[in-house]
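Notes follow once the structure below has been shown.
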Amino acid sequence: MLLEWFLSVVYPVRRGVHVCGSNNNTNNTNGSGRVLTWGNVPLDKVKEGLTTFFVPTKRGEAVREQLVFYNPAMRNNRDLTLVAIAAFSSTTSKTLTFLDLMSGTGVRSIRLLKEVGDFNLIINDKNVFSYFLIVKNLLHNFPLEKKLVCNGVHLFCFKGLEIRVYNLDANHLMSKLVYEEQIRPEVIDLDPFGSPAPYVENCLKTVNPRGGLIGITATDTPALCGVYPDACKRKYGAKPARTEYCHEVGLRILIGSVASLGAKHGVGVFPLVSFAEKHYMRTIVRTEKNEKKAKLALKRLGYLFYCPRCMWRETSETLCMGSVCLCGKPVEVAGPLWLGGLHNQSFCDQMLRVVDRVETPVTPRLAKLLKLLREEASTKTNCYCYDIHTLSKSFGCSAPGTSWVIAKLREIGYEATRTHLGGTKILTNAPIAALKKILIQ
Numbered sequence: 099m100l101l102e103w104f105l106s107v108v109y110p111v112r113r114g115v116h117v118c119g120s121n122n123n124t125n126n127t128n129g130s131g132r133v134l135t136w137g138n139v140p141l142d143k144v145k146e147g148l149t150t151f152f153v154p155t156k157r158g159e160a161v162r163e164q165l166v167f168y169n170p171a172m173r174n175n176r177d178l179t180l181v182a183i184a185a186f187s188s189t190t191s192k193t194l195t196f197l198d199l200m201s202g203t204g205v206r207s208i209r210l211l212k213e214v215g216d217f218n219l220i221i222n223d224k225n226v227f228s229y230f231l232i233v234k235n236l237l238h239n240f241p242l243e244k245k246l247v248c249n250g251v252h253l254f255c256f257k258g259l260e261i262r263v264y265n266l267d268a269n270h271l272m273s274k275l276v277y278e279e280q281i282r283p284e285v286i287d288l289d290p291f292g293s294p295a296p297y298v299e300n301c302l303k304t305v306n307p308r309g310g311l312i313g314i315t316a317t318d319t320p321a322l323c324g325v326y327p328d329a330c331k332r333k334y335g336a337k338p339a340r341t342e343y344c345h346e347v348g349l350r351i352l353i354g355s356v357a358s359l360g361a362k363h364g365v366g367v368f369p370l371v372s373f374a375e376k377h378y379m380r381t382i383v384r385t386e387k388n389e390k391k392a393k394l395a396l397k398r399l400g401y402l403f404y405c406p407r408c409m410w411r412e413t414s415e416t417l418c419m420g421s422v423c424l425c426g427k428p429v430e431v432a433g434p435l436w437l438g439g440l441h442n443q444s445f446c447d448q449m450l451r452v453v454d455r456v457e458t459p460v461t462p463r464l465a466k467l468l469k470l471l472r473e474e475a476s477t478k479t480n481c482y483c484y485d486i487h488t489l490s491k492s493f494g495c496s497a498p499g500t501s502w503v504i505a506k507l508r509e510i511g512y513e514a515t516r517t518h519l520g521g522t523k524i525l526t527n528a529p530i531a532a533l534k535k536i537l538i539q
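Under this note's numbering, the sequence shown is numbered contiguously, ending at residue 539.
Written as structure tokens, this is what we have:
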């Protein structure tokens, strides 16, 4: 009764929300033509994977603000994250704790418990409507036993597992878990709207020091891709590169900033799988409180030097390159950034193995992405991204097929693979001179 009163009276008044009338489309009905509502808020019933849950409808003339953030376009992000967590948890018999810092509807956590396996869950969102909707979605999916509702936390039990739902700022919650409740989750998911920069350091301080997994999403791709270089420098402490391979550079800047912050706290940070899709970048890193590993991670940071005219490119751990390219054009610099691999090959293999074991449906899009990431991870040396069409245009020749270029590079002893970053792009350790020779022949 308290929740219904809050949703129907207090929340609309406090937030200035006007709710939809009876002119909603029928896809938010319960099948009998009756509109699903919670208090005065109209809801849609959505299915993702094997999980059904509720989200506020976006249709109608009168909803002036988005109550809860749910983006169906990010399903691939969530699908891959579930597979990654399944791969990580398969190495231990211990029941792990999963912290979902900005949960929205709670779908990621609910799917984890329903489709992957047993986890203790800590689900949080600072939006008060999200907080109550998460509880509703949990109760819709599981026969939960309520233990406590107090001071902004719902505490439930399910099959001997503990499920906590908080309504706090993400940084506040992490401090509370560490210093008040002595809880150190093994798995943390950070999926903010915009930059993850304000939360990464606390994630590194909160994750289990004996070894953990942190998934980090950045949706501020214009900053990481060089459209807003000042914003990138302010948030990530690095200079981006506005080039055709900007998404690779952006991923490396993101990973490098996390590794640098980890070293500050004696935490080694190493990427297990990283990818970029449309409007966001995502990396899933392995962490461990270990000074030697923190130093090892720092050694993999450095700079990218490149020439926009002749397409020359080189990396270095220090700022030691000359200021002018051999072609006479000033050399551009990006970084500091991560110079190591973007993926861990054995972890990618484990992800492919658990795909058949977990109940999460594998969409064609996810299967294609996993295959490409595994191919990228197979390289033994550091390979970097090149766009065949951009190079061909620069060299004044027609663009050959991607597979043909890869085969030719392998014939002369270089590593080369396809990449998820684009159909006309490849990853290779070949220098630009070798690429030019192949393309213009």
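Idealized CB from N, CA, C, for every residue including glycine.
Just so you know, these numbers come straight off a predicted model, no measurement behind them.
Straight-line Cα distance separating Glu430 from Pro406:
Between Pro406 and Glu430, the C-alpha separation is close to 8 Å.
May I have the straight-line CA-CA distance separating Arg455 from Leu468, to the nearest angstrom?
Approximately 15 Å, taken between the alpha carbons.
Could you tell me which residues DSSP puts in a beta bridge with Pro428?
Beta-bridge pairing links Pro428 to Val422.
Assuming Ile351 contacts Cys330 (C-beta within less than 8 Å), just tell me the rounded distance between them.
Sure, about 7 Å apart at Cβ, within 8 Å.
Beta-carbon proximity of Ile312 to Ile286, cut-off 7 Å
Yes, Cβ-Cβ distance for Ile312 and Ile286 is below 7 Å.
How is the beta strand (DSSP E) around Ile510 delimited, first residue to last?
Element bounds for Ile510: n/a, residue is neither H nor E.
Local conformation of Asn123 per DSSP, three classes
Caution is warranted here: a pLDDT of 31 is assigned to Asn123, below 50, making its placement in the model unreliable, and no coordinate value can be reported.
So for His377, helix, strand or coil by DSSP?
His377 falls in the coil class under three-state DSSP.
Reduced DSSP secondary structure (H/G/I, E/B, other) of Pro369:
When secondary structure is reduced to three states using DSSP, Pro369 falls in the strand class.
Could I get the ranges of all uninterrupted beta strand (DSSP E) runs contained in the stretch 233–275, with 3 residues as the minimum, in chain order?
Secondary structure remark: continuous beta strand (DSSP E) runs of at least 3 residues inside the stretch 233–275, in chain order: 243–248, 251–256 and 259–264.
Test item: CB-CB of Leu322 and Gly348 under 7 Å
Their beta carbons are under 7 Å apart, which means Leu322 touches Gly348 by this criterion.
Let me know if Glu159 comes out buried or exposed under the rule of 16 or more other beta-carbons within 10 Å of its beta-carbon.
Any reading at Glu159 needs caution, since the residue's pLDDT is 38, under 50, leaving its predicted position unreliable; the model's value is listed next. Residue environment: Glu159 is assigned as exposed (fewer than 16 neighbouring CB atoms within 10 Å of its CB, all protein chains considered).
How many whole angstroms separate the CB atoms of Arg306 and Ser273, which I take to be in contact at a CB cut-off of 8 Å?
This sequence places Asn at residue 306; Arg is not what is there. No, Asn306 and Ser273 are not in contact; Cβ-Cβ is about 16 Å, not under 8 Å.
What residues are listed by DSSP as bridge partners for Ala316?
DSSP, once it has assigned bridges, lists Met379 as partnering Ala316.
Around the C-beta of Cys344, are 16 or more other C-beta atoms found within 10 angstroms, so that it is buried, or is it exposed?
So Cys344 ends up on the buried side.
Spatial neighbours of Phe445 in its chain, beta-carbon cut-off 7 Å, leaving aside the 5 residues before and after
Hits under 7 Å: Ala185, Leu370 and Val371.
Identify which residue in Gly204, Phe217, Val247 and Met449 has its Cα closest to the Cα of Ser191.
Here the closest residue by C-alpha is Phe217.
What separation, rounded to the nearest whole angstrom, lies between the Cα atoms of His238 and Val460?
Their backbone Cα atoms lie some 24 Å apart in a straight line.
Does Pro529 pass the burial test, meaning 16 or more other C-beta atoms within 10 Å, or should it be called exposed?
Under this definition Pro529 is an exposed residue.
Going by DSSP, which residues form a beta bridge with Thr515?
Under DSSP, Thr515 forms a beta bridge with Leu525.
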